[in-house]
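Undergrad:
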Amino acid sequence: MRRCPRSSKNARKARRSSSTVTKGVSGFERSRRPCGRQISLASDRLEVDGWPSVGWRLQAGQFSPPAQGLWTMTPRPGAAPVLTAPMTSAASSLAGWTAVVLAGGPGTRMRSALPKALHPVAGVPMVRLVCDLLRAAGCTSIVVVARDAIEEIGAAAGEYVRMARQDGGRGTAHAVLAAREVASERGPLLLLHGDMPLLTTRTLLEMAGRHVAAPSSLTFLTAYLPDPKGYSRVERRNGKVHGIVAEADLSPAMRGAPEVDAGMYAVEAEWLWRALTAVAPNAGGELALGDLISLAVRGDGVEAYQVAETAEVLPVNDRVDLARAERILRDRVRERLMLEGVTLLDPATTYVDAGVEVGEDTVLLPGTTLSGRTRIAGGCRIGPNAVLIDTTVGARTSIGASTIEGSIIGEGVDIGPYCHLRPGSLIGNAVHLGNYVEVKASTIGARTQAGHFCYIGDTTIGADVNIGAGTITANYDGVDKHRTVIGDGAFIGSDTVLVAPVTVGTEARTAAGAIVTQDVPDGATVIGVPARVRSSVSEGGRRA
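The opening residue of the sequence shown carries number 39 in my numbering; numbering runs sequentially from there.
Laid out in structure tokens, this is it:
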């Protein structure tokens, strides 16, 4: 919480003017000093200028956590008044709301050919993080506004969003106008930026609840920042929002003001579309969304909702901001996993993307990286130094220091160390893949074992198969890839080369060092270079 200067002499006089209020405020001072330069006292209201959006409630000698709004003093018959602040009730859902996400910023400070909205934070594009957050809060009507790379941004945002194109870069208000054709003409709208990947559903719902409960034209998000440089500041008079002042227009007295416009607005659609026509270009020729606040002040008024955690509204404008957002979001992901029953032996060296899910009683060892849409069931042991990308892992599976991409792994599997499973691999239950086994676009049946030093590519292997050390499926002829099929119960000897296309039958066997170029019948044994079916031997020792 922001530290506050000592109250002024006038403020102390105001507190002494009523014994009941003096008692309450004195109790407050012992816990946390108010920072007001002036305190306006009325029969039913206590206003503290300079800290109007933070209050405390005194009930039975105890203070509640901070609440939005001004302090109020509620008289009670035969008892001292209660010092309170109006509490914000969160909306239960954003159902019925339309969200407009502004993702058209060029991101010049990122110094990148990739549009800023597509830069990933914790493995997920920023615009997708914002849109997924809105969906999690119950919003089903989402419009994303972009200028360039509109198809790429639309694909990243998700199939459930509608896209709007902004022609030219004439400011944030102009970007919102570009959404009018696809956004709602009636009902509540939420306007926010696509470079706010750290927002939470709590903030969205509480701000929506504040807007619904308030009789104002507009509700906007504010934050107290220790370093507000680069932000427009909130101008207040007598504790009420009077307008927004751009940094270039700040007076010397306001330069140290810590309350900033965080760039998220809740409005009614009918009011918004009318108000946008009254927004005038600034000195740079742009239409600024913050000008809506001044218009609302002159109309039905404006409400300010102060975000609880300032990190939520920190934008991403350059690579330094990107690294900061990455660190904060990954910390949240790690904390979520641990609270859900996952053990992280060393959280600081465990990297988990925002879209990853891990089941209870799974242990993640140091150096583990889980990326993309990876899903891990309960009771697994992953790492150390394992990398899993877009992979699904069944329960009770152990994966050592290995790299696994785009694969599905069954239950009770033992992999590694030093395996590489490439995209398209499907591993059955209770399979063992030892050190230095590479698998690509292959299916391996239950209880099959490949102990070490194998390459299995474009292959279908049945259940209960043994793959000897050094086995290679030669799947590429220099032009095309070909498949290998190995039946249930087969035994592949060490250093066997299976030259695809080839089929090894059920319970067939290959001798060590065999180079198999022809299909092997069920139950047969092949030996040699090139491999041939071994003749059976009679009881007398003669070949049949």
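Ideal placement from N, C-alpha and C gives every residue a C-beta, glycine not left out.
Just so it is clear, the structure is predicted and the values come from calculations on it, not from any experiment.
Could you say which of R200, R485, T241 lies nearest to R166 if we only look at CA atoms?
TA: In the sequence shown, residue 166 corresponds to position 128, counting from 1. It is R200 whose Cα lies nearest to the Cα of R166.
Undergrad: Which partner residues does C32 have in the DSSP bridge list?
TA: Outside the displayed span of the chain (39 to 582) sits residue 32, for which this structure offers no information.
Undergrad: Checking the sheet assignment: what are the DSSP bridge partners for H470?
TA: Taking the first residue of the sequence shown as 1, we reach residue 470 at position 432. Per DSSP, D452, Q487.
Undergrad: For the beta strand (DSSP E) that contains T241, what are its first and last residues?
TA: In the sequence shown, the residue the question calls residue 241 occupies position 203. That residue, T241, is in no beta strand (DSSP E); its alpha helix (DSSP H) goes 239 to 251.
Undergrad: Tell me whether D384 is buried or exposed, calling it buried when 16 or more other Cβ atoms sit within 10 Å of its Cβ.
TA: Locating residue 384 in the sequence shown gives position 346, where the first residue counts as 1. Exposed.
Undergrad: Which residue's Cα is closest to the Cα of A342: V425, L229, T260?
TA: On the sequence shown, residue 342 is found 304 positions in, with the first residue counted as 1. For A342, the nearest C-alpha among the options comes from T260.
Undergrad: Whole alpha helix (DSSP H) runs in the region 275 to 319 with 4 or more residues, listed along the chain?
TA: For the region 275 to 319, whole alpha helix (DSSP H) runs of length 4 or above, ordered along the chain, are 307 to 314.
Undergrad: Counting along the chain, where does the alpha helix (DSSP H) carrying R173 start and finish?
TA: Walking along the sequence shown from the start, residue 173 turns up at place 135. Unbroken alpha helix (DSSP H) run through R173: 164 to 174.
Undergrad: Below 8 angstroms on the Cβ atoms is my guess for T406 versus I420; work out the distance and round it to an integer in Å.
TA: By 1-based counting over the sequence shown, the position of residue 406 is 368. By 1-based counting over the sequence shown, the position of residue 420 is 382. Rounded, the Cβ-Cβ distance is 5 angstroms, consistent with contact.
Undergrad: If contacts are defined as beta-carbon pairs under 8 angstroms, then V214 and L229 qualify, I think. What distance do you get, rounded to the angstrom?
TA: Here residue 214 refers to the residue found at position 176 when the sequence shown is read from its first residue. Here residue 229 refers to the residue found at position 191 when the sequence shown is read from its first residue. Going by Cβ atoms, the distance from V214 to L229 rounds to 6 angstroms, so yes, they are a contact pair.
Undergrad: Whose CA, out of V181, R173, E190, lies closest to the CA of P153?
TA: By one-based count along the sequence shown, residue 153 stands at place 115. Of the candidates V181, R173, E190, the one whose C-alpha sits nearest the C-alpha of P153 is E190.
Undergrad: Taking C-alpha atoms, which residue in T239, A184, G551, L375 lies nearest to G206?
TA: On the sequence shown, residue 206 is found 168 positions in, with the first residue counted as 1. If we check each option's Cα against that of G206, A184 comes out closest.
Undergrad: Pick from R434, T441, D496, P461: whose alpha carbon is nearest that of V469?
TA: Numbered from 1 along the sequence shown, position 431 holds the residue referred to as residue 469. Considering only alpha carbons, the answer is R434.
Undergrad: Any C-beta of chain B sitting closer than 8 angstroms to the C-beta of Y262?
TA: This model lacks chain B altogether; it includes just one protein chain.
Undergrad: For E297, count neighbouring C-beta atoms within 10 Å of its own C-beta (all shown protein chains included) and say buried if the count is 16 or more, exposed if not.
TA: As a working note, residue 297 is residue 259 in the sequence shown. E297 comes out buried.
Undergrad: Which residues bound the beta strand (DSSP E) around T511?
TA: Indexing the sequence shown from 1 puts residue 511 at position 473. Run containing T511: 510 to 512, per the beta strand (DSSP E) assignment.
Undergrad: Going by beta carbon distance, what residues of the same chain come within less than 7 angstroms of E590, once the five residues before and after it are set aside?
TA: Within the shown structure, residues of the chain are numbered from 39 to 582, placing residue 590 beyond reach of any answer.
Undergrad: Could you please give me the residues that DSSP links to P158 through a beta bridge?
TA: Start at 1 with the first residue of the sequence shown, and residue 158 comes out as number 120. DSSP output for P158 lists P163 as bridge partner(s).
Undergrad: Taking the C-alpha atoms as reference points, what is the distance between I442 and H458?
TA: The sequence position of residue 442 within the sequence shown is 404, counting from 1. The sequence position of residue 458 within the sequence shown is 420, counting from 1. Roughly 6 angstroms separates the two Cα atoms.
Undergrad: Does the region 301 to 314 come close enough to the region 252 to 266 to have 3 or more Cβ pairs within less than 8 angstroms?
TA: They touch, by the three-pair rule.
Undergrad: Among V138, A300, L333, which one has its Cα closest to the Cα of A316?
TA: Residue mapping note: residue 316 aligns to position 278 of the sequence shown, counting from 1. Measuring from the Cα of A316, the nearest candidate turns out to be L333.
Undergrad: Cutting at 7 angstroms between CB atoms, please list the residues of its own chain near A313, excluding the five before and the five after it.
TA: For this step, residue 313 is matched to residue 275 along the sequence shown. These residues qualify, in order along the chain: L330, L333.
Undergrad: With distances taken between CB atoms, is the gap from G225 to T146 smaller than 8 angstroms?
TA: Here residue 225 corresponds to residue number 187 of the sequence shown, with the count starting at 1. Here residue 146 corresponds to residue number 108 of the sequence shown, with the count starting at 1. No, they are not a contact pair.
Undergrad: Which of the three DSSP states, helix, strand or coil, is assigned to S332?
TA: Position 294 of the sequence shown, counted from the start, is the residue given in the question as residue 332. Correct three-state label for S332: helix.
Undergrad: I think G566 touches D533, with their Cβ atoms under 8 angstroms apart; what is that distance to the nearest whole Å?
TA: As a first step, residue 566 is located in the sequence shown; it is residue number 528 there, counting from the start. As a first step, residue 533 is located in the sequence shown; it is residue number 495 there, counting from the start. With 8 angstroms as the limit, G566 and D533 do not qualify as a contact, their Cβ atoms being about 13 angstroms apart.
Undergrad: Roughly how many whole angstroms lie between the Cα atoms of I366 and T481?
TA: Counting from 1 along the sequence shown, the entry for residue 366 is found at position 328. Counting from 1 along the sequence shown, the entry for residue 481 is found at position 443. Each residue's Cα considered, the two are about 39 angstroms apart.
Undergrad: Buried or exposed: where does N513 fall if 16 or more other Cβ atoms within 10 Å of its Cβ makes it buried?
TA: Working through the sequence shown from its first residue, we reach residue 513 at position 475. Its Cβ being crowded by 16 or more others within 10 Å, N513 is buried.
Undergrad: Kindly indicate which residue of P455, G466, G551 has the alpha-carbon position closest to the one of G472.
TA: Position 434 of the sequence shown, counting from 1, holds the residue named residue 472. With distances taken between Cα atoms, G472 lies closest to P455.
Undergrad: Report yes if the C-beta distance between A538 and T522 is below 8 angstroms; otherwise report no.
TA: Counting from one through the sequence shown, the residue named residue 538 turns up at place 500. Counting from one through the sequence shown, the residue named residue 522 turns up at place 484. Contact flag set, yes.
Undergrad: Where does A137 sit, in a helix, a strand or coil, going by DSSP?
TA: Your numbering for residue 137 matches position 99 in the sequence shown. If DSSP states are grouped into helix, strand and coil, A137 belongs with the strands.
Undergrad: So the beta strand (DSSP E) M148 belongs to, where does it begin and stop?
TA: Translated into positions along the sequence shown, residue 148 becomes position 110. Where M148 is concerned, there is no enclosing beta strand (DSSP E), given that its DSSP letter is neither H nor E.
Undergrad: For G142, which residues in the same chain have their Cβ closer than 6 angstroms to its Cβ, ignoring the five residues on either side in sequence?
TA: Counting from one through the sequence shown, the residue named residue 142 turns up at place 104. Cβ within range, chain order: V183, A184, R185, Q204, A213.
Undergrad: How is M201 classed by DSSP in three states: helix, strand or coil?
TA: The count along the sequence shown starts at 1 and reaches residue 201 at position 163. Three-state result, M201: strand.
Undergrad: Sort I524, A484, G268, R485 by Cα distance to G495 and report the nearest one.
TA: Taking the first residue of the sequence shown as 1, we reach residue 495 at position 457. Comparing Cα positions, the closest option is I524.
Undergrad: Taking the alpha-carbon positions, what's the V272 to V279 distance?
TA: Translated into positions along the sequence shown, residue 272 becomes position 234. Translated into positions along the sequence shown, residue 279 becomes position 241. Approximately 7 angstroms, taken between the alpha carbons.
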